Structure formats: C-alpha cells, structure tokens
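Asker: Dumping the structure here so I can ask a few things about it.
Chains as they are written, first to last, in this note's numbering: chain E, 1 to 468; chain A, 1001 to 1320.
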C-alpha cells in the first residue's frame, strides 16, 4: 500500500514534483505578484473612476498598445502632452490699454504616422473685455499659419477645450493655407494630418500625405485689455498608440482595468470556491453521519438546487437590482450551498462511518462533532482538495459571464465587463483586437492556472491516478 | 465487592425478520485485577455483550436493559453525556477486534493515542504527547512510534498501540475483544505476556473476549462460556478446564486440538441456532447428545456451588 499523503504541506510538495503542478503554482504565483503590485501601479482611486469619462480625456481613443511598433518598421505616433507649465510665457505691457501675452510650446514630432487628434485647452481670466486670441502653427519646413483666432467663452477656473482637429474654423484655415501652397482640394479636411504633412499636392488627403518630421511650434498670442488678465494653455497631440494594453472607446487605459481584473477574479473565484466546497462537504458529511430525515432533507434540497437554472436566475437578479460584486458573490454562494459535492461526500462518509476506528473513537468518548471533523472529513480530503482548485475557474468564468452580460459590478472593471464593453461597441468589426484579446487572455490564464493545480492535486491525492 | 458487575443484561437487535436476541439475560462480575474470559463460537454474543457494557450500540437496537454496576454505581442509569464523560475510557476502555482497522489511517500514532486524554481532560498538547510516549513505552514500543502513521507499523505494533491507547486513562476495566486474533502465534504470545504484566502492575480487570479456549487459559481467572446469546456456564479457570459441567463446554474442550497426544479434535455436529427464533428451553438442545424431555424448559444456571445452565445437573451430573 502506498503511503497516504497527509497534510497540506506534503500534498503541495508532491504536487510540485509534477510538471502541471509547477506550471500551476508558477502561474498562480505570477498572479499573486500582480495582485500585490496592482495597488502600487494603479491605486484604487484610479480604478474607482473607471466609469467617469472626464478622467480619461488625455488618452487617445481606441489606441493600440504601443509595443506593436516592434512588429513593423513604422513608428506609431505617441501622445504628446504639453502641460500648463511647460508653455513658455512672454508678456509685454508697454501700452496702458492692453497687454500682449505670447505662450509658446515647442515639441518634436518624429513618428511615421499622423496623430489621432489635436486639442488645445485654455484657462483665461478676464474682467471686462474678453481677450483676443490667435493660435499660430509653425512647422519644421519654416511654413507657418494661423489656425485659430477667436475669444474664449469660458472664464477660469473653467477650462476652454478646443478640439482643433475637428473645428470648422480650423479646418477652413488649414484648407486655405494648403491650397495656397499647392495642395489638391478635398471635401473633408483633417487638420491633424495636413498640419504635419510634407508640403505637396497630396497633403490634404490622409492616404497620400507624408509625415514631416521635426520640431513644431505652437504659439498662442493673446491681446488682453486689463493688466490683471491671465492666460494659460495646454496642448495635446493624441497618438495612435497608448500604453501596454491600449485604450478603449472611452479613452480608458485598459492596462488598469486588466490589472484590477486579476484581484477581482481571484478573490471572487477563491472565495466562492472555498465557501461552497466547504459547505457542500460539511453538509454532505453531516447528512451521512446523522442520517434519517436530516439526510433526506439535505439530499432532496441538493436535487432541487441542482435542477435550478442558476444563470437565468442570476441574470434576472442582475437586471432587476444592479448588484455590486459582493452581492453577486453572495448570491452565487447561495446557489451552491449544496450541490454535486454534497452527494459525493455523502457517499464517501457513508463508507467511512462504518469503519472500526470510528466505533473505537466513539467508545473512548469522542464527541459526535469530533468524530465528524477529525475522523470522517479528512477522508474526503483527496476528493475535495482537488475539487477546490478545479472549482475556482468555474466561478471565475461565472463572474466573467455575468459581467460580460453587463450584470456584474457597476463600478469595478473586470475581465468579463471589459469584454462585454468591447462586444457592445463593435471591437471585432473595428479591429480593436487588444480590447478583446487581453481580458480573454486574463480569464484563460487564471482558469488554466487553477486547472493545472487541480489536476496535480488530483494526481497526488488520488492514488489511483498516481503514476509510479 | 466486584469492580464490574453485570446483571440480567439484554441486547436485542431489530431486523426486518424480527428481533435478534444477541445477548439474553447475561450476568457476571469481575473483581479488581481479575480477568473474565468470555468464550464461545462466532455469533454467540460475545462482542455484543462488550458493546452493551460500553454502550456503543448500532442504530437498530430493539431491547437494551439490565444493570451494569461499575464500582458501586449503576451506570445504566446514566444519560448519554454522563456515560460518555464518566464511563468511557475513564472507567471502562476497550481494545477492538482487528486492531489493524481501529486506528485512524490519517492521524499520527501519537495524536491518536492521546485522543482519549484530550476528549476527557483539559490538558496541554505537549503534556498529552508526553503521556502518549509514556504509554507507548509501557507497551514496549519505541518513542519514535509517536510520529508514525498506522500504515508504517506491523500488526503486532498496531495491537500494542491500541492497548496503549486503552490504558492511557488508567481505567479500572479493559475490554479486550479478540485482541490477538489476527496475529501470528509468536506475536500473540508477546501480546499475552504484555497483558499479563500490565494486569499485575496496574491491577486492571480484563474482560477478555475470545473464541480460543487455550488462549483464555493463559490469562483468565474466570471463564464464561457463551452459546447463542446466553451464558451457559461460568466458573473459575480450574473448574472449567478440569471439571466442565455443561455439555457444550465439554464438547468445546474436546474440539481444541492438542499439540501432542493421540486424541483427535472432535467437532460439534449441527450449527448454532437462529437467534431470531431460538429453540425453546435450552438453546443447545438441538445439538446436545444428552438432551431429554426436560430440556424444552428453560434451565436455571445455579446448581449448588457451580454455575451451569443444564438440567443434567439436577440429577447430580452427567451420564458421561
């Protein structure tokens, strides 16, 4: 008879001798590291604002991860952000009637693709007359043009946001200038392309335009009518790629959502698995040990719960009440308090309780509880230990399915809810593969890790499966 | 006064065919440091008697009554919790039939041996473990046995562990239910010597249950012969071996093979009766070579100074 494996430590040691065990533990360890690192990389406040669109406006929309560059010889445009305090400010107040402020931003553009959008933000403070503002664009080839001239509408601290790339007046200015330097006319002008394009006939057409690399200068000139008036500016040239995992349709950094998906999935899966397996084991063993009506009650309740269609009911609850993740966890546990394991454990316990050592224990005065927990339950361990690891993925999947259907936590991003967003916003048709692939990979990674663990425990603890 | 006295003990089991009269009207007593051997063939109610005394009963009990006096108290009157706390292991402990199976396979020996201590006393784990070590030493096992699992021990060692476990609470009575039946002869002799030594040193009383008359002679001061749920004869070892009164005892003694000598062992023809419908009167009647009319009536057990339930004793003994 082979030595039985007793105790968690020994089981873990044995499991680590197997390839699947090493893989499983390695993957789990990696996820644990992620879980530990997540609050450092992305504090909880960041992720709590996941649903708040205004937080993410500095990021490009639906941008690919930035490392896709390495697979092509084209260098994708990165985000260029010139902050409020990065503008150089020159003022002249020679006249008593007005003063002139000149804000200048210089930046290098050395990429092979055009930016996605251009945005200028202003904070201006005036007392009786609005300042007059002119925005000039100076290119590396020496060309320069005025792309915008108007007065701001918003008084600080409200920010005046100008999306330069889609404003009709900017488009008209860029078009007039381009036609003047010999470009072919088109109906739809894209300032963020033409402003960065080499001066030729195709510079108004995105498909023909070529990128002009070099140093660009953006000048914001304001004529203000009061000595106390001020102006600040901030400029964004949105890239076509962003971060390690790209962004979604609401400009959210998917990396943060993906990272936070790991602790959420692990905690949900592990909590649900531990609680349900424990309760199923205990109820099964209790039923077998006490027998009679109690056993009958547990067995019939199990039958009842097994035939209940849990997912449709969960969908219904999710639609009606919009529960948070803890409520979902609670409901999922409620639906699995009894289940298949109850029946299997009952059959094991029925066998075990007739063994002589149980009678011996009773005769030396061991209480019923002691017999149940120290003598009968440990015998069900080989089965339940593996089951514990194997049922974690099924709960991770369940949570992902619910979130995918939009019934998960309304605040926290999870792998399922990110995929659900992707599906609802046509990620597949628009080729936004990173929006689907990464969360899917997360789910697969977590489930495979636990599956590996489960199989290796199964082999260790179930002697019939052991290969000697 | 006797240490353990059993009076009119009954234990019937309920089955679909009717009650099984496993123990019927059994009475005996054990004094301090004394050994009573209960001998009989399989299914005669020896183990059921032990279960009735320790009250480890299956679910299907039909009738369970009688008196069990332990040290002057009738413990049959105790409720379940009192009985568990006061009698089990403190007063009476037990070595089960088949020691191989009476150890929990997933617990280390040390923890198992001290289990009775922790269930009955408020005791530190370390101290309990020390006492377990001591107990194992007293049955001749090395100290490291504490850290072993049951599957790592031989049959004889397991038997010793079980005995150590039975003795750890220093009970007054130990019930030994076939303690050596699965062991080879050498190990058997070892265990019996150990039991003898403990009997002398600790002054414990044994209720020794066996089907082996020869083995019983090694240890017993008194011998009780059981047949079909009843005690048919009881007396000192001397009386039973040299002058058996009941025909069943006589035939049983004749069936024991001798190592030397010319006598061939004899068998008792027939089979033990069905305990659901036992024969009227003397239960041995259908197999008894001396049966006569009166045997259809229930025989009394007391005849002068001898205790044997047989009508032959009315006539002053046996024809044979």
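All residues carry an ideal CB built from backbone N, CA and C; glycine is no exception. Model, not experiment: these values are computed from the prediction.
List the whole-angstrom C-beta distance separating residue 261 of chain E from residue 418 of chain E, where the pair is believed to meet the contact cut-off of C-beta under 8 Å.
Answerer: As a position in the first chain, residue 261 of chain E is number 261, starting the count at 1. As a position in the first chain, residue 418 of chain E is number 418, starting the count at 1. The Cβ separation is near 7 Å, so the contact holds.
Asker: Terminal residues of the continuous alpha helix (DSSP H) containing residue 177 of chain E?
Answerer: Indexing the first chain from 1 puts residue 177 of chain E at position 177. Here the alpha helix (DSSP H) through residue 177 of chain E covers 168-180.
Asker: What is the DSSP secondary structure of residue 1029 of chain A, reduced to helix, strand or coil?
Answerer: For the purposes of this step, residue 1029 of chain A is taken as the residue at position 29 of the second chain. Three-state result, residue 1029 of chain A: strand.
Asker: When the Cα atoms are used, what is the spatial distance from residue 384 of chain E to residue 1018 of chain A?
Answerer: Numbered from 1 along the first chain, position 384 holds the residue referred to as residue 384 of chain E. Numbered from 1 along the second chain, position 18 holds the residue referred to as residue 1018 of chain A. Rounded to whole angstroms, residue 384 of chain E to residue 1018 of chain A spans 41 Å at the Cα level.
Asker: Looking only at C-alpha atoms, which of A:1041, A:1186 and A:1055 sits nearest to residue 1009 of chain A?
Answerer: Reading the second chain from its first residue, position 9 is the one you call residue 1009 of chain A. The residue with the shortest Cα to Cα distance from residue 1009 of chain A is A:1055.
Asker: Assuming residue 380 of chain E contacts residue 345 of chain E under a Cβ cut-off of 8 Å, what Cβ separation, rounded to an integer in Å, is found between them?
Answerer: Your numbering for residue 380 of chain E matches position 380 in the first chain. Your numbering for residue 345 of chain E matches position 345 in the first chain. At roughly 5 Å, the Cβ-Cβ gap stays under 8 Å, so residue 380 of chain E and residue 345 of chain E are in contact.
Asker: Step through the CB atoms of chain E and report whether any lies within less than 8 Å of the CB of residue 1116 of chain A.
Answerer: Sequence index remark: in the second chain, residue 1116 of chain A carries index 116 (1-based). Interface residue, yes.
Asker: Please list, in chain order, the residues of the stretch 344-357 of chain E that have any C-beta partner in chain A closer than 8 Å.
Answerer: Those residues of the stretch 344-357 of chain E that come within reach of chain A (Cβ to Cβ, closer than 8 Å) are 355, 356 and 357.
Asker: Is it true that the stretch 1098-1115 of chain A meets the stretch 356-374 of chain E, where meeting means three or more beta-carbon pairs spaced less than 8 Å apart?
Answerer: Enough Cβ pairs lie closer than 8 Å, so yes.
Asker: Closest by CA to residue 231 of chain E, which one among E:92, E:101, E:415 and E:183?
Answerer: Reading the first chain from its first residue, position 231 is the one you call residue 231 of chain E. The shortest Cα separation from residue 231 of chain E among E:92, E:101, E:415 and E:183 belongs to E:101.
Asker: Thinking C-alpha only, which one of A:1265, A:1091, A:1267 and A:1284 is nearest residue 1274 of chain A?
Answerer: If you number the second chain from 1, residue 1274 of chain A lands on position 274. Checking every option, the nearest Cα to that of residue 1274 of chain A belongs to A:1284.
Asker: Could you check whether the Cβ of residue 1018 of chain A sits closer than 8 Å to any Cβ belonging to chain E?
Answerer: Here the question's residue 1018 of chain A lines up with position 18 in the second chain. False, the Cβ-Cβ gap to chain E never drops below 8 Å.
Asker: With distances taken between CB atoms, is the gap from residue 306 of chain E to residue 339 of chain E smaller than 8 Å?
Answerer: Position 306 of the first chain, counted from the first residue, corresponds to residue 306 of chain E. Position 339 of the first chain, counted from the first residue, corresponds to residue 339 of chain E. Yes. Within cutoff.
Asker: Taking residue 362 of chain E as part of the alpha helix (DSSP H), name the residues at either end of that continuous run.
Answerer: If you number the first chain from 1, residue 362 of chain E lands on position 362. That run of the alpha helix (DSSP H) goes 356-363.
Asker: Can you give the beta carbon distance from residue 1172 of chain A to residue 1003 of chain A, rounded, assuming they're within the 8 Å contact cut?
Answerer: For this step, residue 1172 of chain A is matched to residue 172 along the second chain. For this step, residue 1003 of chain A is matched to residue 3 along the second chain. Between residue 1003 of chain A and residue 1172 of chain A the Cβ distance is about 6 Å, and since that is below 8 Å, they are a contact.
Asker: Whose CA, out of A:1066, A:1011, A:1070 and A:1143, lies closest to the CA of residue 1030 of chain A?
Answerer: Counting from one through the second chain, the residue named residue 1030 of chain A turns up at place 30. Here the closest residue by C-alpha is A:1070.
Asker: Report the residue from A:1313, A:1132 and A:1236 whose alpha carbon sits nearest the alpha carbon of residue 1301 of chain A.
Answerer: Position 301 of the second chain, counting from 1, holds the residue named residue 1301 of chain A. Out of A:1313, A:1132 and A:1236, A:1313 has the C-alpha closest to the C-alpha of residue 1301 of chain A.
Asker: Comparing C-alpha positions only, which one of E:347, E:122 and E:413 sits nearest to residue 325 of chain E?
Answerer: Translated into the one-based positions of the first chain, residue 325 of chain E becomes position 325. Ranking the options by Cα distance to residue 325 of chain E, first place goes to E:413.
Asker: Output yes if chain A places a C-beta closer than 8 Å to the C-beta of residue 403 of chain E; else output no.
Answerer: Start at 1 with the first residue of the first chain, and residue 403 of chain E comes out as number 403. With 8 Å as the cut-off, residue 403 of chain E does not count as an interface residue toward chain A.
Asker: How many Å lie between residue 1047 of chain A and residue 1094 of chain A at the Cα?
Answerer: For the purposes of this step, residue 1047 of chain A is taken as the residue at position 47 of the second chain. For the purposes of this step, residue 1094 of chain A is taken as the residue at position 94 of the second chain. Between residue 1047 of chain A and residue 1094 of chain A, the C-alpha separation is close to 11 Å.
Asker: Return helix, strand or coil for residue 1019 of chain A, following the three-state DSSP convention.
Answerer: Counted from its first residue, the second chain places residue 1019 of chain A at position 19. Of the three classes helix, strand and coil, the one that applies to residue 1019 of chain A here is strand, per DSSP.
Asker: Output the boundary residues of the beta strand (DSSP E) element that contains residue 149 of chain E.
Answerer: Counting from 1 along the first chain, the entry for residue 149 of chain E is found at position 149. First-last of the beta strand (DSSP E) with residue 149 of chain E: 144-150.
Asker: So the candidates are E:425, E:296 and E:263; which of them puts its Cα closest to the Cα of residue 399 of chain E?
Answerer: Numbered from its first residue, the first chain carries residue 399 of chain E at position 399. Cα-wise, what sits closest to residue 399 of chain E is E:263.
Asker: Counting only beta-carbon separations shorter than 8 Å, does residue 1208 of chain A have a partner in chain E?
Answerer: For the purposes of this step, residue 1208 of chain A is identified with residue 208 of the second chain, where counting begins at 1. Closer than 8 Å: no.
Asker: Would the beta-carbon of residue 1087 of chain A fall within 8 Å of that of residue 1106 of chain A?
Answerer: Residue 1087 of chain A sits at position 87 when you count from the first residue of the second chain. Residue 1106 of chain A sits at position 106 when you count from the first residue of the second chain. Cβ atoms of residue 1087 of chain A and residue 1106 of chain A: not closer than 8 Å.
Asker: Figure out for me which residue from E:59, E:18 and E:328 has the closest Cα to the Cα of residue 242 of chain E.
Answerer: For the purposes of this step, residue 242 of chain E is identified with residue 242 of the first chain, where counting begins at 1. Of E:59, E:18 and E:328, the residue nearest in Cα terms is E:59.
Asker: So, do the stretch 1207-1219 of chain A and the stretch 1124-1143 of chain A have three or more beta carbon pairs nearer to each other than 8 Å?
Answerer: Too few Cβ pairs lie closer than 8 Å, so no.
Asker: Which residues of the stretch 1092-1116 of chain A have a Cβ closer than 7 Å to any Cβ of chain E? Give them in chain order.
Answerer: Those would be 1093, 1094, 1096, 1098, 1101, 1102, 1103, 1104, 1105, 1106, 1115 and 1116, in chain order.
Asker: Quick one: list the residues of chain E neighbouring residue 977 of chain A, beta-carbon separation under 7 Å, in chain order.
Answerer: Past the boundaries of the shown model lies residue 977 of chain A; chain A is included only from 1001 to 1320, so the question cannot be answered.
Asker: Short of 7 Å in beta carbon distance, which residues of its chain neighbour residue 420 of chain E, apart from the five on each side in sequence? Order them along the chain.
Answerer: Position 420 of the first chain, counted from the start, is the residue given in the question as residue 420 of chain E. So the qualifying residues of the chain are 403, 404, 405 and 406.
Asker: Just how far apart, CA to CA, sit residue 941 of chain A and residue 1248 of chain A?
Answerer: Outside the shown range of chain A (1001 to 1320) lies residue 941 of chain A, about which nothing can therefore be said.
Asker: Quick check on the DSSP output: the alpha helix (DSSP H) that includes residue 233 of chain E runs from which residue to which?
Answerer: Taking the first residue of the first chain as position 1, residue 233 of chain E is located at position 233. Careful: residue 233 of chain E lies outside any alpha helix (DSSP H), inside the beta strand (DSSP E) at 230-238.
Asker: Looking at the strands, I want to know which residues DSSP matches up with residue 501 of chain E.
Answerer: Given that chain E is displayed from residue 1 to residue 468, the structure contains no residue 501 of chain E and the question cannot be resolved.
Asker: Identify whether residue 1134 of chain A lies in helix, strand or coil by the three-state DSSP scheme.
Answerer: Locating residue 1134 of chain A in the second chain gives position 134, where the first residue counts as 1. If DSSP states are grouped into helix, strand and coil, residue 1134 of chain A belongs with the helices.
Asker: Apply the 10 Å Cβ neighbour rule to residue 37 of chain E and answer buried if 16 or more other Cβ atoms are within range, or exposed otherwise.
Answerer: To locate residue 37 of chain E, count along the first chain from 1; it is residue 37. Residue 37 of chain E should be labelled exposed.
Asker: Report the rounded CA-to-CA distance for residue 1319 of chain A versus residue 1246 of chain A, giving the unit in angstroms.
Answerer: Looking up residue 1319 of chain A in the second chain gives position 319. Looking up residue 1246 of chain A in the second chain gives position 246. Any reading at residue 1319 of chain A needs caution, since the residue's pLDDT is 45, under 50, leaving its predicted position unreliable; the model's value is listed next. In a straight line, the C-alpha of residue 1319 of chain A is about 12 Å away from that of residue 1246 of chain A.
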